[in-house]
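Each residue of the sequence shown is one higher than the one before, starting from 31 at the first, in the working numbering. Take a look at the structure set out below.
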Amino acid sequence: MNVRENSTLPVAIAPVAEPDRPPPRGATPGLEGLLAAVVGACHCLVQHSDLKTGLKAAVAQLGQLSGHDRAYVWELVDNRQVCELVAEWDAPGVGCVSEMAGTRLFAVADYLEVWQPLLAGRAYQSITPFKSGANARFNELVANRSDVMVPIFVGDICWGCIGFDNCREERRYSDPEIQVLRGAAAAVAAAVQRSRAEAQVHAEAQRQRQLLAAVNEASAHLVVQADLDTALSWAVESLSVHTCVDRVFINRYAPEEQSTYFWLESHRPGVPAFTDGFGPGPWPDDQFAEVAYPLREGRIYRSVSWQRGGANAAANTANGSRSDLIVPIMVDGQYRACIGFDDNTHARAWSDSEVAVLQTAAHAVAGALARHAADAAR
């Protein structure tokens, strides 16, 4: 049949696509929709400096733009024995997991069918008939019919996972869809690393301020107190309190004997005394060469427990030191003493900026020693 141009027959008009509108809840999002959701989640993680705020915004984007019923992030805590629900988004009418379960914390051992593949770096997905044990009971409680999760690795360690719940249908996710979701996991890993780096910078700045205040106070004691031993005692006490280390000590060097002797210390309650491991001395240079020789040359010594050897390792094990920093005290260019800082709690690496501040404390002690020697010579 021929139809003229002015025909009154109805003409079908194709609907205009609306790419910015999220798919209806429960609809299969498709690869493009999932990709858009992941891109939106990545933007959220970049925009928010606070990790938890960023995660909550990211899972909201994932859930809304992909048309899923629930999106979430789990973090492994307590030495990876427990998983914590740190971010969750639920579609309208879908129950909140933490409210229905009454907790955000779940034992990993109860959900090994989920976590074993995730810890091995593989994705996990399942539908209702294939769930068992605590996992089956949990998903029945939260009205979930199918889910998919991919692991979040920070470095070589599994930090947690990110995933979706579908409460309306039992569906399987394709490999391309899982790869897109892995992109979201990588973005979360980057956000975790950024958060840790920012926290480390903040902590280092705080330690730097504490060190500066401690050194200033110690230097003041060394200037105003005429009695040398009293001045040094006050100085190490101030440094011990304000530097957040477990032990501060000063040792005296006898160049004619090429040996070192204990002088004085301040340590936290419950921390062994320095002499519990080393005794009062003398400590011959040749027996403690790894410490003595750099100090004699005016260089600092710093170590963690597994780097030590011989008599030095045995003595530090006895007094519980896991890491230390020792700064030489030079008087008229000659090595005369050292000031040391022990951390019995952490195997920590002292930053160069911290070393520079503590070298200032060593210079202040050197000044006090020089004044005392000059007074004694009068």
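Virtual Cβ for every residue (Gly too), placed ideally from N, Cα, C.
Query, Result
"Expected contact under 8 Å - CB spacing of V89 and A117 to nearest Å", "5 Å"
"C-alpha gap between A379 and P285, whole angstroms", "30 Å"
"Where the beta strand (DSSP E) through D372 begins and ends", "Q364 to D373"
"Cβ-based burial, H376 [other Cβ within 10 Å; buried from 16]", "exposed"
"Where the alpha helix (DSSP H) containing V387 begins and where it ends", "D382 to A407"
"Same chain, Cβ closer than 8 Å to V139, neighbours up to 5 away in sequence not counted", "Strictly speaking, residue 139 in this sequence is Ala, with Val absent from that position. Taken in chain order, the residues that qualify are Q111."
"Span of the beta strand (DSSP E), counted from its first residue to its last, around G193", "I187 to N196"
"P310 versus V107 - alpha carbon distance", "44 Å"
"Assigned secondary structure, Q155 (DSSP; H/G/I helix, E/B strand, else coil)", "strand"
"Distance, V124 Cα to N165 Cα", "19 Å"
"Selected residue, minimal CA-CA separation from P324, among W313, T347, V357 and F292", "V357"
"Every unbroken alpha helix (DSSP H) inside the segment 283–355 [4 residues or more]", "304–308, 319–326 and 340–348"
"Minimum length 3: unbroken beta strand (DSSP E) runs contained in the segment 247–273", "none"
"Secondary structure of V107, DSSP reduced to three states", "strand"
"Local conformation of A203 per DSSP, three classes", "According to the sequence provided, residue 203 is Tyr. The question's Ala does not apply to it. Of the three classes helix, strand and coil, the one that applies to Y203 here is coil, per DSSP."
"Contacting residues, own chain, Cβ-Cβ under 6 Å from A101 (five flanking each side not counted)", "V89, L92, G93, W119 and F194"
"Distance between A150 and L411 (C-alpha atoms, nearest Å)", "Any property of residue 411 remains undetermined from this structure, which presents the chain solely from 31 to 408."
"Beta-carbon separation (whole angstroms), Q155 vs D177, contact threshold 8 Å", "7 Å"
"Inter-residue CB distance, S381 and E234 (contact presumed, cutoff 8 Å)", "6 Å"
"Contacts around A265, its chain only, beta-carbon distance under 6 Å, and the 5 residues preceding and following it disregarded", "A248, H251 and L252"
"Completely contained beta strand (DSSP E) runs for the segment 77–139, where each covers 3 or more residues", "100–107, 112–120 and 135–137"
"Residues that R175 bridges to, as DSSP identifies them", "The partner list for R175 (beta bridge, DSSP) is empty, contrary to what the question assumes."
"Alpha-carbon to alpha-carbon, A322 and R332", "12 Å"
"Nearest candidate by alpha-carbon position, reference L388, set V127, R326 and H272", "H272"
"Element boundaries [alpha helix (DSSP H), containing V144]", "L142 to L149"
"Secondary structure of V275, DSSP reduced to three states", "coil"
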